[in-house]
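Colleague: Numbering (our numbering), first residue to last: 6 to 167.
Just so you know, even glycine gets a beta-carbon here, dropped at the ideal spot from N, CA and C.
Just so it is clear, the structure is predicted and the values come from calculations on it, not from any experiment.
1) Can you tell me whether residue 31 is buried or exposed? The criterion is at least 16 other CB atoms within 10 Å of its CB, across all chains shown.
2) Leaving out five residues before and five after residue 149 in sequence, what residues of the same chain have Cβ atoms less than 8 Å from its Cβ?
3) Please report how far the alpha carbon of residue 60 lies from the alpha carbon of residue 67, in whole angstroms.
4) For residue 139, which residues from the same chain have a beta carbon less than 6 Å from its beta carbon, with the 5 sequence-adjacent residues on both sides left out?
5) Residue 93: buried (16+ other C-beta within 10 angstroms of its C-beta) or exposed?
6) Report the residue from 87, 11, 155 and 24 whose alpha carbon sits nearest the alpha carbon of residue 132.
7) Are there 16 or more other CB atoms within 10 angstroms of the CB of residue 118, so buried, or fewer, so exposed?
8) For residue 162 and residue 89, which I take to be in contact (beta-carbon distance under 8 Å), what is that distance rounded to the nearest angstrom?
9) Can you give me the start and stop residues for the beta strand (DSSP E) that residue 137 sits inside?
10) Using C-beta distances below 6 Å, list every residue in its chain close to residue 80, excluding the 5 sequence neighbours before and after it, in chain order.
11) Quick check on the DSSP output: the alpha helix (DSSP H) that includes residue 16 runs from which residue to which?
12) Residue 153: buried (16+ other C-beta within 10 angstroms of its C-beta) or exposed?
13) Give me the Cα-Cα distance between residue 122 and residue 62, rounded to the nearest whole angstrom.
14) Starting from residue 22, follow the beta strand (DSSP E) in both directions and report where the run begins and ends.
15) Looking at the strands, I want to know which residues DSSP matches up with residue 40.
16) Using the rule of at least 16 other Cβ atoms within 10 Å of the residue's Cβ for burial, across every protein chain shown, is residue 18 buried or exposed?
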């Protein structure tokens with residue numbers, strides 16, 4: 006359950022006031038007057054309560070999958086629009102890899118199509134080798150890869166989703 010300012014009443018229905026620190030609405034304090042009872046770790050609770058503060062740098066997000074800048078391509082995809090990146094695949098069982106990061110708050114959809122001859126212009130004429138997948142990349146970048154089983158031209162399609 007999620008509570009607002011009335012959380013203390015709900016807690017006191019399940020926990021006696023003398024067992025709950027003053028900080029959380031009870032009447033318990035430590036011997037030195039600490040209203041959070043910070044020192045206490047009972048036999049039943051195997052963790053300490055973290056009260057916030059500065060996050061250590063070793064816990065910050067590290068983008069270890071980011072390719073070299075020279076390998077990245079920037080594109081703008083407007084609402085209702087789709088963009089395509091064509092990739093020539095000359096060998097069977099080649100891998101297509103992607104790394105996508107969005108600056109906007111919209112989700113994007115991606116799909117990979119394979120055309121085996123130049124007469125196939127529209128994605129409707131091509132074989133869909135991966136179904137569209139939705140990416141939520143405004144928090145962290147998305148990366149992945151896909152094995153293309155036979156040669157042809159792959160069209161990596163990006164669509165802005167509302």
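Modeller: In short, the structure shows the following:
1) By the 10 Å Cβ count, residue 31 comes out buried.
2) Residues 102 and 103 of the same chain have their beta carbon placed closer than 8 Å to that of residue 149, with the five preceding and five following residues left out of the count.
3) Taking the straight line joining both Cα atoms gives about 14 Å.
4) Same-chain partners within the cutoff: 112 and 114.
5) Result: exposed.
6) When only C-alpha atoms are compared, the closest one is 155.
7) Its Cβ being crowded by 16 or more others within 10 Å, residue 118 is buried.
8) With 8 Å as the limit, residue 162 and residue 89 qualify as a contact, their Cβ atoms being about 5 Å apart.
9) Residues 132 to 140.
10) For residue 80, the CB contacts under 6 Å within the same chain, skipping 5 residues up- and downstream, are 88 in chain order.
11) Unbroken alpha helix (DSSP H) run through residue 16: 12 to 19.
12) Of the other Cβ atoms in all chains shown, 16 or more fall within 10 Å of the Cβ of residue 153; this residue is therefore buried.
13) C-alpha separation (whole angstroms): 51 Å.
14) Run containing residue 22: none; DSSP gives neither H nor E here.
15) The partner list for residue 40 (beta bridge, DSSP) is empty, contrary to what the question assumes.
16) Around the C-beta of residue 18, fewer than 16 other C-beta atoms lie within 10 Å, and the residue is accordingly described as exposed.
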